[in-house]
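S.K.: To start, I am sharing the structure in question, which I have written as C-alpha cells.
There are 2 protein chains.
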Amino acid sequence: MELDERKKKILQAVIRNYLETGEPVGSRTISKYTDLNLSSATIRNEMADLEEMGYIFQPHTSAGRIPSDKGYRLYVDAMMEEKEREVVEMRDMLVERQDKMETLLKQMARVLAQNTQYATMISAPQTKRSKLKFIQLSRVDAGQILAVIVIQGNVIKNNILSVEEELDDETLLKLNILLNTYLNGLSIDEINLAMIAVMKQQAGIHSAIVSEVIDAVAEAIRAEEDLEIYTSGTNNIFRYPELADQQKASELINTFEEKQLLGELLQEAHTQGEETGIQVYIGAETQVQSMKDCSVVTATYELGGGMKGTIGIVGPKRMDYDKVVGTLRAIQTQLDELYGK
Amino acid sequence: MELDERKKKILQAVIRNYLETGEPVGSRTISKYTDLNLSSATIRNEMADLEEMGYIFQPHTSAGRIPSDKGYRLYVDAMMEEKEREVVEMRDMLVERQDKMETLLKQMARVLAQNTQYATMISAPQTKRSKLKFIQLSRVDAGQILAVIVIQGNVIKNNILSVEEELDDETLLKLNILLNTYLNGLSIDEINLAMIAVMKQQAGIHSAIVSEVIDAVAEAIRAEEDLEIYTSGTNNIFRYPELADQQKASELINTFEEKQLLGELLQEAHTQGEETGIQVYIGAETQVQSMKDCSVVTATYELGGGMKGTIGIVGPKRMDYDKVVGTLRAIQTQLDELYGK
DNA sequence: TGTTAGCACTCCCCTTAAATGAGTGCTAAT
DNA sequence: ATTAGCACTCATTTAAGGGGAGTGCTAACA
C-alpha cells in the first residue's frame, strides 16, 4: 500500500487534532475538520489503511485513532524540513553578560520551561577538549593553599589544598610560574607523565604540591566531565493527563531529580547530533524507560573553544513539536551570535 | 475536661497506629493494640472525649479517628523532651574532607532523603556575618582579570572583570596588597564608603579596578545571601497516598522546584530556632499553602564563624517524627564536631 | 461510678448492572 | 471511488445494592 497525498493529509489532521485535544480522534471529526470534503465513511477507510501501515492505532476497539511513534516520526520529519521558523522574541533573555555559566544555564532552563510548558533540561558545556588557561596558587591560611584553575571559556575551579610545610611568597611565586609555564595552553590529554616528572624535579622539595595541583586539575576536569545538568519545569508534567498518573509521574520526577539518565540521554543526543543539531526522540527512541510515553527534543549548542552542551525538552508525545523546534532554533541562534565562532 | 494519663495513652496509640498505617484507626484496633486491657466500648468513650477536646477527629461519620494538628503537636512535644536519641550511624557520610560546601550540602540532602524516605531541603550557610579572608587578582587574559574572593569558611567566589588598561605584574601585586591590607578580616558591614575612598585614592589611575572588585565582593555576598537551597527526594512524596493525588503532588513538586517558598520557610525556622535548634511545623503551621497537608522538621546547623544554615525534612503529617528528629540530631552533632566551635 | 456487651445506625467503598454514546467495520447503493 | 446506513464494540458514566468498619447509645454489670 502506498502513502498518497490524501492519506498524508488525513494523517496530519489526526495528529494535529490529537496534539490539541489529547483525545483519540474519530473519523467524523476529521471529516469536518479538514477541507477535504470527504464523508466520515471514506475517512474511516483511509484510517483503516493508515492503521494497517502502522501510522496510527486504536487504544481499544471502537475508539478513535492515536498517532503511533511511526506516525509522529513522519510528522516531525516533514515539519522539520518545511519550516525555518521565525526567530522568537526571547532576545532579551540573553542580553545581560554572564560571568557565570551556571547562572546562565539555570536561567535558560527556566525560561524554556516557562515558554514551552514542558520540562526542560540543559547540560553544561563539556570541557573535554578545552585548554588550560591559567593556574594560580595562593596562601589563604597557614597550611592552606588555594588553587584556582581556569579553563578555556572561563570555567573556574577552586581547590583548597592542605600543606604541611610553610611556604613563603617567593616559593609560591616560583611554583606559580613553573605550573603556568608547563601547563598553560595544554588540553587535558596533552599532559603526560613525563611532563609531570620534569615539573616535580624542578619543584624540588615542593614536589608534593605539584602532585596535588595536578590531581586538582584532573579532578576539576573530571568534575566537569560528569556533567552538571540543570532542570526546570518538571512539574509541567502534571499538565498532561497521559503522564500525570501516579506511577508515571513518580518515575519521571525521579528521573529528573536523579539526572543520571538525563545525562546519558543528552550525551547521546550530543554525540549523534547531525547538521542542524536538533534531534527528536519519540517514545521508546530515548532508551530511557521512564520516558517511553514522552518525546524529547534536543538541541546542541556551542560556546566557542569546542565546548558543547545540549538542551533537552521533555513533554508528552503529543507535544507541540513545531513550537519546540522553533524555540530551540531561536536559542541556538542567540547563543551562536553571542558566543559562537 | 481533663487529659488524664489514660487519655494520653490512647491518643498516643491512635497516633502511633495512624503513623504506621495511614488509615483512620478505630476503637477495636486500639483495644487490642494497647496493653490497657480495655474494651472497644470504653475506648470509644475516651475517643469521643479526645475528639471533643480537639486532639483527634473523624474524616467522616462512622470512620476511625485521625490525629488533628493539635494532636500531633502534643505527641511531638512529648517525644521531643523525652528522648535524647541514640546517635545514628551516618558517621561515614561526612568522613571525606570537602573543599566544596556545595558538594557537601547536595550530598547531605541526598543522604537524608534516602535515609528518611521523605523530601529534604537544605540551605547553604549564610555569610552575612562572615569575614573576608582573602582576595586575589590575577591576569587571565589580555583585558581580563580574575578576582578570587575567599570568605571565612572557605566559601570561594570567582569573578571575571574586564579591564581596558593593560596591567603589568607589578601593578597587580600592588593592588593585591592594597586590597588585602584594607579588606582582610572585615565583615561585610564593616566595609564603608570612607574606606573605599581611601583605597581608590591609593590605587591612583587604577581606582576603577578597585571599584569593580568592591562591587564583585558585594555581589558575591549578595549572591550568597539570596540563599542557595538544595533539595532531594521530592519524589518520595509519591510514597504517601494522602499527598500523592495529582493536585497536591503537583503543587508540592512545584514548591520544591521553585525553592522560593522553601527559602522563606527555612529562613523563618532559622531565625526562630530555639535552644536545640530543632523545630517541628505541623500542617498549617508552616505558612506555606502547598504544605498544609505536610509536616516539616527543621534543624539549624552552624559551621563556625557565625555561618548558619538550616535543614528541613518534609513529609506527611504522619511522618515518623521520632526517627526524623533523631536523624537530624545526629547530623547536627556530626557537623558540630567537624566544623563547630 | 466506671466498664462492658449489644445493637441499631451511618456512611465509605467496592462490585455489579445498565445506560450512554462515540466510533468502527462492513455492505449495498450511488 | 464515494457515501449512507446499520449493526456492533467497548470505554465511560450512572445507579443501585451489599458489605463492613466503626460509631453512639443504652442497659446491664461489678
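Going down the list, the protein sequences come from chains X and G.
Residue numbering for the first sequence follows the working numbering, beginning at -17 and increasing consecutively.
Residue numbering for the second sequence follows the working numbering, beginning at -17 and increasing consecutively.
All C-beta atoms in this analysis are idealised placements derived from N, C-alpha and C, irrespective of residue type, glycine included.
Because the structure is a prediction, the values reported are computed rather than measured.
Can you check whether the C-beta of isoleucine 313 (chain X) is within less than 8 Å of a C-beta belonging to chain G?
M.R.: No, no contact with chain G.
S.K.: Terminal residues of the continuous alpha helix (DSSP H) containing lysine -9 (chain G)?
M.R.: Run containing lysine -9 (chain G): -13 to 3, per the alpha helix (DSSP H) assignment.
S.K.: Quick one: complete beta strand (DSSP E) runs, 3+ long, within the region 238 to 314 of chain X?
M.R.: Runs found: 260 to 264, 276 to 284 and 290 to 298.
S.K.: Give the residues of chain X in contact with threonine 216 (chain G), contact being defined as C-beta atoms less than 8 Å apart.
M.R.: The contacting residues are Ile235 and Glu239.
S.K.: Glutamate 233 (chain X) to serine 272 (chain X), Cα distance in whole Å?
M.R.: When rounded, the distance between both Cα atoms is 6 Å.
S.K.: Does the distance from the C-beta atom of alanine 198 (chain X) to that of isoleucine 131 (chain X) stay below 8 Å?
M.R.: Yes.
S.K.: Please list the terminal residues of the continuous beta strand (DSSP E) segment that includes isoleucine 138 (chain G).
M.R.: Where isoleucine 138 (chain G) is concerned, the enclosing beta strand (DSSP E) stretches over 137 to 144.
S.K.: Indicate whether arginine 26 (chain G) and phenylalanine 39 (chain G) have their beta-carbon atoms separated by less than 8 Å.
M.R.: Not a contact, by the Cβ cut-off of 8 Å.
S.K.: What residues match up with lysine 113 (chain G) in a beta bridge as DSSP calls it?
M.R.: Answer is G:Ser169, bridged to lysine 113 (chain G).
S.K.: So is threonine 213 (chain X) buried or exposed if we call it buried at 16+ other beta carbons inside 10 Å?
M.R.: Its Cβ being crowded by 16 or more others within 10 Å, threonine 213 (chain X) is buried.
S.K.: Check whether the Cβ of glutamine 118 (chain X) lies closer than 8 Å to any Cβ atom in chain G.
M.R.: Taking Cβ atoms only, chain G reaches closer than 8 Å to glutamine 118 (chain X), which makes this a yes.
S.K.: Could you check whether leucine 119 (chain G) and leucine 157 (chain G) sit closer than 8 Å to each other, using their CB atoms as the reference points?
M.R.: Yes, these two residues count as a Cβ contact at 8 Å.
S.K.: Measure the alpha-carbon distance for arginine 121 (chain G) versus alanine 251 (chain X) and round it to whole angstroms.
M.R.: Looking at the two C-alpha atoms, the distance is approximately 37 Å.
S.K.: Which residues, in order along the region 121 to 135 of chain X, keep a beta-carbon less than 7 Å from a beta-carbon of chain G?
M.R.: Within the region 121 to 135 of chain X, the residues whose Cβ lies closer than 7 Å to some Cβ of chain G are Val122, Leu128, Val130 and Val132, listed in chain order.
S.K.: Buried or exposed: which applies to asparagine 166 (chain G), given that a residue is buried once 16 or more other Cβ atoms fall within 10 Å of its Cβ?
M.R.: Looking at its Cβ environment, which holds fewer than 16 other Cβ atoms inside 10 Å, asparagine 166 (chain G) is exposed.
S.K.: Would you mind stating whether isoleucine 260 (chain X) and arginine 300 (chain X) have Cβ atoms separated by less than 8 Å?
M.R.: Not a contact, by the Cβ cut-off of 8 Å.
S.K.: Within a Cβ cutoff of 6 Å, which residues of the same chain sit near arginine 314 (chain X), ignoring the five residues on either side of it in sequence?
M.R.: Note that residue 314 (chain X) corresponds to glutamine in the displayed sequence, not to arginine. Excluding sequence neighbours, glutamine 314 (chain X) sits near Ala281 and Tyr283.
S.K.: Which bits of chain G does serine 356 (chain X) rub up against, with CB to CB less than 9 Å?
M.R.: Since the first residue of chain X shown is -17 and the last is 323, residue 356 (chain X) is not available in this structure.
S.K.: Measuring CA to CA, which of G:Cys276, G:Ile219 and G:Lys290 is closest to glutamine 254 (chain G)?
M.R.: Of the listed residues, the one whose Cα sits closest to glutamine 254 (chain G) is G:Lys290.
S.K.: Nearest by alpha-carbon distance to glycine 125 (chain X): which of X:Pro107, X:Ile104 and X:Asp150 is it?
M.R.: Comparing Cα-Cα distances from glycine 125 (chain X) to each of X:Pro107, X:Ile104 and X:Asp150, the minimum goes to X:Asp150.
S.K.: Kindly list the residues whose CB is nearer than 8 Å to the CB of methionine 29 (chain X), restricted to its own chain and excluding five residues on each side of it in sequence; keep chain order.
M.R.: Correct list, in chain order: Ile(-8), Val(-4), Ser9, Ile12, Ile38 and Arg47.
S.K.: Could you tell me the distance, in whole angstroms, from the CA atom of phenylalanine 238 (chain G) to the CA atom of leucine 244 (chain G)?
M.R.: Distance between the alpha carbons of phenylalanine 238 (chain G) and leucine 244 (chain G): 7 Å.
S.K.: Against chain X, does isoleucine 191 (chain G) count as a neighbour if the rule is that its beta carbon must be under 8 Å from one of theirs?
M.R.: Taking Cβ atoms only, chain X never reaches closer than 8 Å to isoleucine 191 (chain G), which makes this a no.
S.K.: Give me the Cα-Cα distance between isoleucine 219 (chain G) and methionine 103 (chain G), rounded to the nearest whole angstrom.
M.R.: Between isoleucine 219 (chain G) and methionine 103 (chain G), the C-alpha separation is close to 13 Å.
S.K.: Taking its Cβ as the centre, do 16 or more other Cβ atoms sit within 10 Å of glycine 294 (chain G), making it buried, or is it exposed?
M.R.: The residue is buried, with at least 16 neighbouring Cβ atoms inside 10 Å.
S.K.: If you follow the beta strand (DSSP E) that leucine 128 (chain X) is in, where does it begin and where does it stop?
M.R.: 126 to 133 is the span of the beta strand (DSSP E), which, as asked, contains leucine 128 (chain X).
S.K.: Can you tell me where the alpha helix (DSSP H) holding threonine 24 (chain G) begins and where it ends?
M.R.: First-last of the alpha helix (DSSP H) with threonine 24 (chain G): 22 to 35.
S.K.: Can you pull out the residues from the region -9 to 20 of chain X whose beta carbon lies closer than 9 Å to at least one beta carbon of chain G?
M.R.: Taking 9 Å as the Cβ-Cβ cut-off against chain G, none of the residues of the region -9 to 20 of chain X qualify.
S.K.: Once DSSP output is grouped into helix, strand and coil, what is the label at tyrosine 54 (chain G)?
M.R.: DSSP places tyrosine 54 (chain G) in helix when its eight states are reduced to three.
S.K.: Is the shortest distance between the beta-carbon of asparagine 140 (chain G) and the beta-carbons of chain X less than 8 Å?
M.R.: So yes, asparagine 140 (chain G) belongs to the interface.
S.K.: Under 8 Å, do valine 307 (chain X) and valine 296 (chain X) count as touching if we go by C-beta distance?
M.R.: Cβ distance not < 8 Å, so valine 307 (chain X) and valine 296 (chain X) don't count as in contact.
S.K.: May I have the straight-line CA-CA distance separating glycine 215 (chain G) from alanine 60 (chain X), to the nearest angstrom?
M.R.: Approximately 41 Å between the Cα atoms of the pair.
S.K.: On the premise that isoleucine 117 (chain G) lies in contact with asparagine 162 (chain G), defined as a C-beta separation below 8 Å, what is that separation, rounded to the nearest angstrom?
M.R.: Correct: roughly 6 Å between the Cβ atoms.
S.K.: Can you check whether the C-beta of lysine 115 (chain X) is within less than 8 Å of a C-beta belonging to chain G?
M.R.: Yes, because at least one Cβ of chain G sits closer than 8 Å to the Cβ of lysine 115 (chain X).
S.K.: Does DSSP put threonine 43 (chain G) in a helix, a strand or coil?
M.R.: Three-state DSSP puts threonine 43 (chain G) in coil, outside helix and strand.
S.K.: Classify glycine 4 (chain G): buried if its beta carbon has 16 or more other beta carbons within 10 angstroms, exposed otherwise.
M.R.: Answer is exposed; the Cβ neighbour count stays below 16.
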